[in-house]
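*Asks:* Here you go, one structure.
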Amino acid sequence: METEFAPSAGPEADPSSRGSGCSLRHFACEQNLLSRPDGSASFLQGDTSVLVGVYGPAEVKVSKEIFNKATLEVILKPKIGLPGVAEKSRERLIRNTCEAVVLGTLHPRTSITIILQIVSDAGSLLACCLNAACLALVDAGVPMRALFCGVTCALDPDGSLVLDPTAKQEKEARAILTFALDSTEQKLLMSTTKGLYSVAEFQQCLAAAQHASHHIFRFYRDSLQRRYSKS
Amino acid sequence: MAAGFKTVEPLEYYRRFLKENCRPDGRELGEFRTTTVNIGSITTADGSALVKLGNTTVICGVKAEFAAPPVDSLNKGYIVHSCRVVPHSPFFQTVPNVDLPPLCSSRFRSGPPGEEAQVASQFIADVIENSQVIQKEDLCISYGKLAWVLYCDLICLDYDGNILDACTFALLAALRNVELPAVTINEETGLAEVNLKKKSHLNIRAHPIATSFAIFDDTLLIVDPTGEEEHLATGTLTVVMDEESKLCCLHKPGGSGLTGAKLQDCMSRAVTRHKEAKKLMDEVIKSVKPK
Numbered sequence: 000m001e002t003e004f005a006p007s008a009g010p011e012a013d014p015s016s017r018g019s020g021c022s023l024r025h026f027a028c029e030q031n032l033l034s035r036p037d038g039s040a041s042f043l044q045g046d047t048s049v050l051v052g053v054y055g056p057a058e059v060k061v062s063k064e065i066f067n068k069a070t071l072e073v074i075l076k077p078k079i080g081l082p083g084v085a086e087k088s089r090e091r092l093i094r095n096t097c098e099a100v101v102l103g104t105l106h107p108r109t110s111i112t113i114i115l116q117i118v119s120d121a122g123s124l125l126a127c128c129l130n131a132a133c134l135a136l137v138d139a140g141v142p143m144r145a146l147f148c149g150v151t152c153a154l155d156p157d158g159s160l161v162l163d164p165t166a167k168q169e170k171e172a173r174a175i176l177t178f179a180l181d182s183t184e185q186k187l188l189m190s191t192t193k194g195l196y197s198v199a200e201f202q203q204c205l206a207a208a209q210h211a212s213h214h215i216f217r218f219y220r221d222s223l224q225r226r227y228s229k230s
Numbered sequence: 000m001a002a003g004f005k006t007v008e009p010l011e012y013y014r015r016f017l018k019e020n021c022r023p024d025g026r027e028l029g030e031f032r033t034t035t036v037n038i039g040s041i042t043t044a045d046g047s048a049l050v051k052l053g054n055t056t057v058i059c060g061v062k063a064e065f066a067a068p069p070v071d072s073l074n075k076g077y078i079v080h081s082c083r084v085v086p087h088s089p090f091f092q093t094v095p096n097v098d099l100p101p102l103c104s105s106r107f108r109s110g111p112p113g114e115e116a117q118v119a120s121q122f123i124a125d126v127i128e129n130s131q132v133i134q135k136e137d138l139c140i141s142y143g144k145l146a147w148v149l150y151c152d153l154i155c156l157d158y159d160g161n162i163l164d165a166c167t168f169a170l171l172a173a174l175r176n177v178e179l180p181a182v183t184i185n186e187e188t189g190l191a192e193v194n195l196k197k198k199s200h201l202n203i204r205a206h207p208i209a210t211s212f213a214i215f216d217d218t219l220l221i222v223d224p225t226g227e228e229e230h231l232a233t234g235t236l237t238v239v240m241d242e243e244s245k246l247c248c249l250h251k252p253g254g255s256g257l258t259g260a261k262l263q264d265c266m267s268r269a270v271t272r273h274k275e276a277k278k279l280m281d282e283v284i285k286s287v288k289p290k
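Put into C-alpha cells, the structure is as follows:
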C-alpha cells in the first residue's frame with residue numbers, strides 16, 4: 000500500500016498564476032490499495048475523494064467484443080442511491096476520454112473495466128474521477144499514449160474565474176466548465192459545461208485549465224517517481 | 000466497384016473524399032443537410048414539432064398539466080421531460096425523455112432506454128436548464144397552490160446521425176408552438192377554471208441552437224455528421240449557442256484532442272448556424288395559422 004501526498008499547488012508554487020482565485024486545492028493520491036483489481040487508485044482533491052479499480056485486459060463477452068480494439072467499460076457508482084441517467088452520462092464522458100488515450104489496438108478482443116466509487120463529493124467531482132481513473136490505469140499497466148487530467152473551472156456572476164471550486168462555490172457560480180486535457184500537448188480531450196458563458200470566457204477558462212494541468216501532471220510524475228524509486 | 004471498396008475499407012473510402020474537401024453525399028465539410036420543420040402537426044398535444052435534418056427525423060410533443068408547485072420553490076412550475084419515470088427516482092426529476100426506438104435504427108433494441116438515449120436525454124435537460132429557455136416562474140399559476148407541468152417527449156423516427164442537433168431544434172420549435180389556456184382560480188370554490196378560448200404562447204427567453212461536429216483522424220472537423228460518418232469519426236463535439244454568441248453547452252465526450260484555435264473555428268460556425276436556424280424557425284412559426 001503506497002501513500003503519496005502532494006504539496007499544495009498554490010500560488011507560491013507558480014508566481015505567474017493568474018490572481019489569487021486560480022489555485023488548486025490540496026490533492027493527494029494513493030495507488031495499489033485494493034488487492035483484487037489489476038490496478039487501483041484513490042484521488043483526493045480538497046474534500047472530494049474518488050476510489051477507482053481497473054480490471055484488464057481481461058476476457059470480454061462475445062456480444063461486446065471489438066475485433067481490433069479493447070472494449071472499455073466504465074461503471075460509476077454514486078455515494079448514495081442507485082445510479083441514474085446523470086451517472087450514465089458521466090460514464091460516457093469518462094469512457095470516451097479513456098478510449099482516446101488508451102492504446103486499445105495492442106489488446107484486441109479484450110475488455111478493460113474501470114469502476115469508480117464516489118467516496119465524498121465536495122465540488123469538482125468529475126475532474127477528480129478523471130484524475131483517479133488515469134492513475135488507476137497507470138497502476139494497472141494499461142498502455143496509454145498520454146496521461147490525462149481533469150480540471151474544473153467555475154465562473155462567478157461577476158465574471159471572475161475560480162479553479163477547482165468547492166461545492167459552495169459551484170452552487171454560487173453562474174457557469175461550471177469541466178475539461179479533460181492530455182499530457183503531451185494539453186489538447187482538449189473532453190469538455191462538459193453547465194450554465195451560460197461567452198466564447199471569450201470559454202477560451203479564458205481553457206487557458207487557465209491548461210496552465211493548471213501542468214501542476215497536476217507534475218504531481219503524477221512526482222508520485223510515480225517516488226513509488227518506483229523505493230523498490 | 001466503389002460499393003465493394005466502401006464495405007471493405009470504409010475509412011479509406013472516406014479519406015478519398017475528404018482529400019477533395021467534400022463528402023460522399025456531395026456536401027462541403029462545413030455544410031449542413033437540408034433542415035425541414037413542421038410545426039403543430041399533433042393536434043392532441045399542446046405543442047409539437049417535427050424536424051428533419053437530411054434523413055434524421057425527430058418529433059417532439061409537449062403536453063401541459065396541472066400540479067402543485069415543488070415545496071422548495073412555491074412560485075415555479077416544472078418542465079418534466081421523462082414520462083417514463085424509473086420507479087425509485089424522485090417525483091420531480093427533470094430529465095427529458097429522448098426515445099430512440101428500434102424503429103429508427105437497427106442498432107437499438109426494444110426494452111429500457113439504452114446508453115445513447117439516456118445521454119441524449121441528459122444533454123437536452125442540461126441545455127434547457129443552462130439556457131433558461133423558459134423561466135420556471137412563468138409556469139406558476141397561483142403562488143404555492145397551482146403550477147403548470149410541461150411533459151416533453153422526443154421520439155426519433157429515423158436515425159442518421161446528429162441526433163442532438165435535431166432534438167434541440169425540435170424541442171425549441173415545439174415549445175414555441177405551445178399554447179396554454181388562461182387559468183383563473185375561483186375564489187369561492189378554490190378550483191381552477193380553465194378558459195380554453197383564451198390561449199397564450201409561452202414566454203421563450205432564449206433560443207439555444209446546437210451544432211455538432213465530427214473529428215476525423217485527429218485533425219479534420221466536419222459539420223453535421225451522418226450515421227456512417229459518426230461511426231468512422233474519432234471524436235464528436237456539440238456546441239449549443241444562444242443569441243449574442245453566448246454558449247449554453249460545449250459537449251465534447253472524449254475523442255481526439257482539439258486545440259483552442261480549432262475550437263474557435265467551431266464556435267464561429269455555430270454562430271452562423273444559429274442565425275440560419277433561427278431564421279428558419281421564425282418563418283415557420285409565422286406561417287402557422289392560428290387555431
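Protein chains in written order, with numbering that gives the first Met the number 0: chain B, 0 to 230; chain W, 0 to 290.
Every residue gets a Cβ at the ideal spot worked out from N, C-alpha and C, and that includes glycine.
All of these numbers come straight from a predicted model, not from anything done at the bench.
1. Starting from B:LEU136, follow the alpha helix (DSSP H) in both directions and report where the run begins and ends.
2. Just checking: is the beta-carbon of B:TYR196 within a distance shorter than 9 Å of some beta-carbon in chain W?
3. How many whole angstroms separate the CB atoms of B:LYS63 and B:SER110, which I take to be in contact at a CB cut-off of 8 Å?
4. Beta strand (DSSP E) containing W:ASN96: first to last residue?
5. W:CYS59 and W:LEU170 look like a contact to me (Cβ under 8 Å); what is the Cβ gap, rounded to whole Å?
6. CB W:ARG206 to CB W:LYS277, shorter than 9 Å?
7. Can you tell me whether DSSP reads W:CYS103 as helix, strand or coil?
8. With a floor of 3 residues, list each beta strand (DSSP E) that falls wholly inside the stretch 47–86 of chain B, ordered by position along the chain.
9. Name the chain B residues whose beta carbon is nearer than 7 Å to that of W:GLY60?
10. Do W:LYS62 and W:LEU190 have their CB atoms nearer than 9 Å?
11. Closest to W:THR56 by C-alpha separation, out of W:ALA44, W:ILE41, W:THR43 and W:CYS103, would be which residue?
12. Run through chain B and tell me which residues come within less than 8 Å of W:ASP241, C-beta to C-beta.
13. Quick one: Cα of W:LEU236 to Cα of W:LYS251, how far?
14. Buried or exposed: where does W:PRO89 fall if 16 or more other Cβ atoms within 10 Å of its Cβ makes it buried?
15. I'd like the span of the beta strand (DSSP E) that includes W:GLU229, first residue to last.
16. Rounding to the nearest angstrom, what Cα-Cα distance links W:THR6 and W:PHE107 in this structure?
17. Find the nearest neighbour of B:ALA85 within the set W:GLN121, W:PRO68 and W:VAL50, judged by alpha-carbon distance.
18. Please list the residues of the stretch 241–255 of chain W that have a C-beta atom closer than 9 Å to any C-beta atom in chain B, keeping them in chain order.
19. By DSSP, does B:THR177 sit in helix, in strand, or in coil?
20. Please tell me whether W:TYR158 and W:LEU99 are closer than 9 Å, where the distance is taken between their beta carbons.
21. With 9 Å as the threshold, decide whether the Cβ of B:GLU90 is near any Cβ in chain W.
22. Using DSSP bridges, identify the partner residues of B:PHE26.
23. For the stretch 162–169 of chain W and the stretch 39–53 of chain W, state whether three or more C-beta atom pairs, one from each stretch, are separated by less than 8 Å.
24. Applying a beta-carbon distance threshold of less than 7 Å, which residues of chain W neighbour B:VAL84?
25. For the beta strand (DSSP E) containing B:GLN116, list its first residue and its last residue.
26. Within 9 Å of any Cβ in chain B, is that where the Cβ of W:GLY291 sits?
27. Residues bridged to W:PRO180 by DSSP?
28. Specify the secondary structure class of B:SER39 as computed by DSSP and reduced to three states.
29. I'd like to know if W:ASP164 contacts chain B, where contact means its C-beta is closer than 9 Å to some C-beta of that chain.
30. Is DSSP giving B:CYS21 helix, strand or coil here?
31. Once the 5 residues before and after B:PRO82 are set aside, which same chain residues still bring their CB inside 7 Å of it?
32. Let me know the secondary structure DSSP gives W:PHE122 once reduced to three states.
33. Pull out every residue of the stretch 155–170 of chain B whose Cβ sits closer than 7 Å to any Cβ of chain W, in chain order.
34. Count the other CB atoms within 10 Å of the CB of W:PHE4; is the residue buried (16 or more) or exposed (fewer)?
35. For W:ALA66, which three-state DSSP category applies?
36. By how many angstroms is the C-alpha of B:GLU171 removed from the C-alpha of W:GLU187?
*Replies:* In this structure, then:
1. Counted from its first residue, the first sequence places residue 136 of chain B at position 137. Residues 124–139.
2. Against the first sequence, residue 196 of chain B aligns to sequence position 197. Chain W contact via Cβ: present.
3. Your numbering for residue 63 of chain B matches position 64 in the first sequence. Your numbering for residue 110 of chain B matches position 111 in the first sequence. Sure, about 7 Å apart at Cβ, within 8 Å.
4. For this step, residue 96 of chain W is matched to residue 97 along the second sequence. Unbroken beta strand (DSSP E) run through W:ASN96: 96–98.
5. Sequence index remark: in the second sequence, residue 59 of chain W carries index 60 (1-based). Sequence index remark: in the second sequence, residue 170 of chain W carries index 171 (1-based). So it is a contact: roughly 5 Å between Cβ atoms.
6. The sequence position of residue 206 of chain W within the second sequence is 207, counting from 1. The sequence position of residue 277 of chain W within the second sequence is 278, counting from 1. Contrary to the premise, residue 206 of chain W reads as His rather than Arg in this sequence. Closer than 9 Å, so yes.
7. If you number the second sequence from 1, residue 103 of chain W lands on position 104. Here W:CYS103 sits in coil by DSSP.
8. 47–57 and 70–76
9. The count along the second sequence starts at 1 and reaches residue 60 of chain W at position 61. Within 7 Å Cβ-Cβ: nothing; W:GLY60 doesn't reach chain B, min ~20 Å.
10. Residue numbering aside, residue 62 of chain W sits at position 63 when the second sequence is read from its first letter. Residue numbering aside, residue 190 of chain W sits at position 191 when the second sequence is read from its first letter. It is not a contact, given that the beta carbons lie outside the stated cut-off.
11. Sequence index remark: in the second sequence, residue 56 of chain W carries index 57 (1-based). Of the candidates W:ALA44, W:ILE41, W:THR43 and W:CYS103, the one whose C-alpha sits nearest the C-alpha of W:THR56 is W:CYS103.
12. As a working note, residue 241 of chain W is residue 242 in the second sequence. Result: LEU195.
13. Position 237 of the second sequence, counted from the first residue, corresponds to residue 236 of chain W. Position 252 of the second sequence, counted from the first residue, corresponds to residue 251 of chain W. Roughly 5 Å between the two C-alpha positions.
14. Along the second sequence, one-based indexing puts residue 89 of chain W at 90. Residue placement at W:PRO89 cannot be trusted, given a pLDDT of 28 that sits under 50; what the coordinates show is reported in the next sentence. With fewer than 16 other Cβ atoms within 10 Å, it is exposed.
15. By 1-based counting over the second sequence, the position of residue 229 of chain W is 230. Not the beta strand (DSSP E): W:GLU229 falls in the alpha helix (DSSP H), residues 226–231.
16. Along the second sequence, one-based indexing puts residue 6 of chain W at 7. Along the second sequence, one-based indexing puts residue 107 of chain W at 108. Approximately 22 Å between the Cα atoms of the pair.
17. Start at 1 with the first residue of the first sequence, and residue 85 of chain B comes out as number 86. Considering only alpha carbons, the answer is W:GLN121.
18. ASP241, GLU243, SER244, LYS245, LEU246, CYS247, CYS248, LEU249, HIS250, LYS251, PRO252, GLY253, GLY254 and SER255
19. Taking the first sequence and counting its residues from 1, one reaches residue 177 of chain B at position 178. Residue state, collapsed to three classes: strand.
20. For the purposes of this step, residue 158 of chain W is taken as residue 159 along the second sequence, with counting starting at 1. For the purposes of this step, residue 99 of chain W is taken as residue 100 along the second sequence, with counting starting at 1. Going by C-beta atoms, W:TYR158 is nearer than 9 Å to W:LEU99.
21. By 1-based counting over the first sequence, the position of residue 90 of chain B is 91. With 9 Å as the cut-off, B:GLU90 counts as an interface residue toward chain W.
22. Here residue 26 of chain B refers to the residue found at position 27 of the first sequence. BP columns for B:PHE26 point to B:GLN44.
23. yes
24. Mapped onto the first sequence, residue 84 of chain B falls at position 85. The answer, in chain order, is VAL94, GLN117, SER120 and GLN121.
25. Translated into the one-based positions of the first sequence, residue 116 of chain B becomes position 117. From DSSP, the beta strand (DSSP E) with B:GLN116 extends over 110–119.
26. Because chain W is modelled from 0 through 290, residue 291 of chain W falls outside the range shown and cannot be assessed.
27. As a working note, residue 180 of chain W is residue 181 in the second sequence. For W:PRO180, which the question treats as bridged, DSSP gives the partners W:LYS198.
28. Start at 1 with the first residue of the first sequence, and residue 39 of chain B comes out as number 40. Note: B:SER39 maps to strand in three-state DSSP.
29. The residue you call residue 164 of chain W lines up with position 165 of the second sequence. Closer than 9 Å: no.
30. Counting from one through the first sequence, the residue named residue 21 of chain B turns up at place 22. At B:CYS21 the pLDDT is 48, less than 50, meaning the model places this residue with poor confidence and gives no usable figure here.
31. Here residue 82 of chain B refers to the residue found at position 83 of the first sequence. LEU75 and LYS76, listed in sequence order.
32. In the second sequence, residue 122 of chain W corresponds to position 123, counting from 1. Of the three classes helix, strand and coil, the one that applies to W:PHE122 here is helix, per DSSP.
33. none
34. Indexing the second sequence from 1 puts residue 4 of chain W at position 5. Per the 10 Å Cβ criterion, exposed.
35. Counting from 1 along the second sequence, the entry for residue 66 of chain W is found at position 67. Three-state result, W:ALA66: strand.
36. By one-based count along the second sequence, residue 187 of chain W stands at place 188. By one-based count along the first sequence, residue 171 of chain B stands at place 172. When rounded, the distance between both Cα atoms is 42 Å.
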